[in-house]
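These notes concern the structure reproduced below.
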Amino acid sequence: MSHTAAHSANPTARTGPATATKTTPFASNLPLRADFADSHFIIGGGVAIFHVASSRVVVCRHSRDRYWFLPKGRRDVGETTAQAAEREGYEESGYRNRLLPLPIPHRQPQPRIPSDPRFSSFTTEPVFTQLYPASTTCQYLCFWYISETVPPDVETALSAAEAEAEANGDSVFGVPYQYPPPYPQALSLKERVALEKGRSQSQELGSGEKRKLYEPVRHENTGMDSEEALYESHLLSVPEALEKLEGIPVMQHVVRVGWEGIVKRLSMERF
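Taking this note's numbering, the leading residue of the sequence shown gets 51, the next gets one more, and so forth.
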């Protein structure tokens, strides 16, 4: 995989490159009735991975066929769809990520008791759902999520757990994927961004050296097959990402909704 360093910007000082429309003209939004036997459907998840501190988002590119895309893939047995989206994001891009709670419209009911820890103005519910044929006899149901690159301490802990599993030889098929802990409910997004201010990859800075913004770690060789080995990953500004995803309106929409949710949460937390 390769990585393109894009410009850094303060997400608290901007309102985003675009405003999502109230409707999505490319979406059907028409209720339908369909019934599928268990052997005739697949459930998957996709994700837009943001590095909030630098106002960038991860976009993948097929190095041979030269098309751009957001990572997505099928859910493994025993996974939730949200976990699948995080894992597929890591496997196809090389960036560890976790779902990011945002003030995004949805129709799922809130817990009835406000004291319930699940009760929140911010949610990690899917921001878009796709239903399309996987083959002539199989239906694909894909849920799209918004996530963030993990902070330095989580990256360190997951890498250590992965190294320990590898050293112990826990699996002859390779090291099991390390699921990240969820975003802390009590952590504001502004506080989350501050965790990366003044951090560098090495953390070994001389007294006179200017501290740099933490750059998320991009892991090599995380793809699961020869096709995924051809994927590159790039951290791009939101306008650049939208340009690269031209012609793929669903993925453009996911990026727009994610960025606008980030900006809205930051604005809500000021009051």
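Ideal placement from N, C-alpha and C gives every residue a C-beta, glycine not left out.
- Where residue 131 is concerned, the enclosing alpha helix (DSSP H) starts and stops at 131-143.
- Less than 7 Å divides the Cβ of residue 304 from the Cβ of residue 98.
- By the neighbour-count criterion, in which 16 or more other beta carbons inside 10 Å mark a residue as buried, residue 182 falls on the exposed side.
- Pairing residue 76 with residue 298, the inter-Cα distance amounts to about 10 Å.
- Taking the Cα of residue 89 as reference, the smallest distance to any Cα among 189, 199 and 244 is reached at 189.
- If the five residues before and after residue 174 are omitted, its C-beta is found closer than 6 Å to the C-beta atoms of 149 and 151, all from its own chain and listed in chain order.
- The beta carbon of residue 272 sits closer than 7 Å to those of 140, 141 and 144, all from its chain and outside the five residues before and after it, given in chain order.
- Residue 302 counts as buried, since at least 16 other C-beta atoms from the protein chains shown sit within 10 angstroms of its C-beta.
- Excluding sequence positions up to five before and after residue 123, its CB lies within less than 6 Å of the CB of 94 and 138, all in the same chain and listed in chain order.
- Residue ranges of uninterrupted alpha helix (DSSP H) with 4 or more members, entirely inside the region 162-245 and ordered along the chain, are 202-218 and 239-244.
- Contact between residue 200 and residue 146 holds: their C-beta atoms lie close to 5 Å from each other, under 8 Å.
- In this structure, the CA atom of residue 287 is about 4 Å from the CA atom of residue 106.
- Residue 264 is positioned such that its CB atom lies no closer than 7 Å to that of residue 110.
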